[in-house]
Each structure stands twice: as structure tokens, then as C-alpha cells.
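K.L.:
Quick note on the UniProt record's numbering: the sequence shown kicks off at 1 and runs consecutively.
Glycine included, each C-beta is placed from N, C-alpha and C at the ideal position.
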Amino acid sequence: MSDLPDRARRAFRSHDAFAAVDDAADRFESTATPFEGVVDAAPADGGRIEFDVTVRAPMLDEVTADDVAPVVEEGWYETFERRVGNVGGGVLAGDDVPDPAVTETVHEGTRTAAVTVSFVDIDPRRGVNDAAALIDFVEGTYVQGVIPGYEYTDPVAGILAEARRAGGSDGIEQ
1 MSDLPDRARR AFRSHDAFAA VDDAADRFES TATPFEGVVD AAPADGGRIE
51 FDVTVRAPML DEVTADDVAP VVEEGWYETF ERRVGNVGGG VLAGDDVPDP
101 AVTETVHEGT RTAAVTVSFV DIDPRRGVND AAALIDFVEG TYVQGVIPGY
151 EYTDPVAGIL AEARRAGGSD GIEQ
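(1) Taking residue 218 as the reference, which of A114, D130, D99 has the closest Cα?
(2) Contact between the segment 58-74 and the segment 149-167 is defined here as three or more beta-carbon pairs at a separation below 8 Å; is this criterion met?
(3) Going by alpha carbons, who is nearest to A8 out of E50, V21, E29?
(4) Per DSSP, what kind of secondary structure is R48 in: helix, strand or coil?
(5) Taking the Cβ atom as the reference point for each residue, do E104 and Y77 lie within a distance shorter than 9 Å?
(6) On the three-state DSSP scale, how would you describe V143?
(7) Where does A17 fall in DSSP's three states?
(8) When you compare only the Cα positions, how much space is there between Q174 and R164?
(9) Between the Cα of L134 and those of T79, E29, G75, spot the shortest distance and give me the residue it belongs to.
(10) Where S169 and V84 are concerned, what is the direct C-alpha to C-alpha distance, given to the nearest angstrom?
(11) If you draw a straight line from the C-alpha of I159 to the C-alpha of Y142, how long is it?
(12) Helix, strand or coil, according to DSSP, for M1 in the structure here?
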């Protein structure tokens, strides 16, 4: 059994962007993104909570119906990595300024850009909110880097369709 304080578990349970992972007492998955976003929480010094956030976003070639040239995907990945690294500037409410790492991995047979970031907070609600904000930031950064001219498949096609609906556009020019 983990030593994670109940106040941290309650903060995750009451947040609409997370659900507990059944087989892990201190792991919570994001329900607000089609990407895989998980947070592992653990007690830290001084009553603080450590939040380890991982978001796996598909590599560009994994979500296009067309082939993507390696040089295009390399440029896309480098840009994504650079943009994710600029997470500061009002994304988080806590005092930590995290330094995300981005690595290309294969997860469950799919090539992904895995973003990992850790931070600590004394306030579990603020920490959970910041974890959700980081996951949203990664998704938003990914969508900013979508290259026009490709036919996208899910989950990117769904994200783009939802953005069009939210923006009042069906994507058809008049």
C-alpha cells in the first residue's frame, strides 16, 4: 500500500479530468484527451506531493493516411520538442517550473513522442490542476504542430473536428 495522503487521492477523484487506474493505487489517467496521459503521484519531503506526468502523443506518420517523409517528421518532432519545452508562462499555478523531456518511443506498437515531466506541490488540488494543465498543454502544442495538407486519422482527426465545431466552423469554405 502506498503512503500517498488521502487528500491527494481526493483531489484526483474530485477532478473531472482524471480517473483512477484500477491496478495502481497512485496512478491516474486523463479522461480529457484522446492521447494517453497518466499521472503517478507519490509523497515527497515536507508533506508535499510529487506528480510524475507522462503524455504519449502519436508521431506524425502514425496519424496520417499518407506517408510522411522522414525529413518532415524529424522537423515536426524537433519543433514539438522545442515548443513543449516552453511550458512556463502561466500554464501552471504552482511554484515549480518543470523541465519536460520528450523522447521518441514505441508504446503498444505505436511510435509516440512521450513527454515526461515531474513537479512537487504542497497543495494537492493545485498539483492535480497543474497535472491536467500540463496534459492539455501537450495536446494543444501537438495540435499547433499539425501540418496542413495531410489526411489525418484518429485521434488527430477527431481533435481537429472538435476544434472546428467549437470554433463554429465545419471546415468547408463558402
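P.N.:
In this structure, then:
(1) Since the first and last residues shown for the chain are 1 and 174, residue 218 lies out of range.
(2) yes
(3) E50
(4) coil
(5) yes
(6) helix
(7) coil
(8) Its pLDDT being 44, under 50, Q174 is placed unreliably by the model, and the measurement read from it follows with that caveat. Taking the straight line from one Cα to the other gives about 15 Å.
(9) E29
(10) 27 Å
(11) 10 Å
(12) Interpretation of M1 is limited by its pLDDT of 42, a score under 50 that renders its predicted location unreliable; no figure is taken from the coordinates.
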